[in-house]
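In what follows, a single structure is set out as structure tokens and then discussed.
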Amino acid sequence: MAGNNSGNRQLGGALGYVNGPLVLRLAHHRRNNDTGTASARNTVLVAVYDFGMAKAHFAYGVDKGPNSAPRRNSGNPFGYAVAPTPSTDSNVLLLGLTVPQGAGAWLASYIRKNDRTRFNQDAEQLAAGYRYFLSRRTDLYGVYGYIRNHNGAGYTVGSSIEGGSGNRAVNLGVRHTF
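Per the numbering used here: the sequence shown = residues 2 to 179.
What follows is the structure in structure tokens.
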């Protein structure tokens with residue numbers, strides 16, 4: 002909107018704490034819509050604890066406001082009625098485990114999305130996989146994920162570059178960090 006300096010304004014920040022095997026992070030992001038009349042707010046608390054033989058992962062996020070939790074696949078691949086707009090009030094819980102074995106590591110996670118709107122379109126995801134380390138910066142991975150949607154929720158299993166087209170998928174790939 003012309004003359005509105007608050008339209009599309011964004012502000013975010015994070016705090017971290019590391020003490021031996023414990024890593025904690027708290028992050029918040031706020032983004033105004035294009036007219037500056039509403040905002041999306043996302044807050045997440047993350048914890049990782051390294052037991053040596055395994056790492057435990059925990060995350061709890063809160064999403065509030067329009068576009069705080071946009072759908073990755075708006076094409077409604079399941080063909081049933083979904084809420085006319087993505088959730089504007091939800092929280093997400095993640096529990097995960099990484100277990101090193103040989104030249105790789107086993108991975109497992111459980112995610113629960115709690116839609117707090119009147120549509121109550123919750124979802125649960127289970128995933129398991131394996132990473133094989135070729136070097137310190139490169140690994141091969143294979144992961145299987147399954148989502149159970151509730152009340153017509155249309156969440157899909159995807160990847161970091163693709164939103165997915167169904168409630169189960171296998172991802173295979175090579176990861177290299179720079």
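Beta carbons are placed, not taken as given, at the ideal position from N, Cα and C, and that holds for glycine.
A quick note: this is a predicted structure, and the numbers were derived from the prediction, not measured.
Using a 10 Å radius around the Cβ and a threshold of 16 neighbouring Cβ atoms, would you call Thr36 buried or exposed?
exposed
8 Å Cβ cutoff met for Leu141 and Tyr147
no
Quick one: using the 10 Å Cβ neighbour count with 16 as the cut-off for buried, is Asp64 buried or exposed?
buried
Work out the CA separation of Gly167 and Ala41 for me, nearest whole Å.
27 Å
Span separating the alpha-carbon of Met2 from that of Ser88:
Reliability fails at Met2, whose pLDDT of 47 lies under 50, so the model's placement of it is uncertain and the value that follows must be treated cautiously. Their Cα atoms are separated by approximately 25 Å.
Which full runs of the beta strand (DSSP E) of 3+ residues lie inside the region 112 to 139, going along the chain?
124 to 134
Keeping to the same chain, check which residues put their C-beta closer than 7 Å to that of Gly130; ignore five residues upstream and five downstream.
Leu108, Tyr142, Gly143, Val144, Tyr145
Beta-carbon separation of His30 and Asn20 under 8 Å?
no
Pro71 to Leu46, Cα distance in whole Å?
20 Å
Closest by C-alpha distance to Gly8, when choosing among Thr38, Gly14, Leu25
Thr38
Excluding the five sequence neighbours on either side, which residues of its own chain have a C-beta within less than 6 Å of the C-beta of Ala48, listed in chain order?
Leu25, Phe59
Here's the rule I'm using: 16 or more other beta-carbon atoms within 10 Å means buried, otherwise exposed. How should Ser91 be labelled?
buried
Alpha carbon to alpha carbon, what distance is there between Gly103 and Asn68?
42 Å
Are Ser110 and Leu94 close, meaning C-beta to C-beta below 8 Å?
no
In this structure, how does DSSP classify Asn43 when only helix, strand and coil are distinguished?
strand
Taking DSSP as the reference, what is the three-state secondary structure of Gly167?
coil
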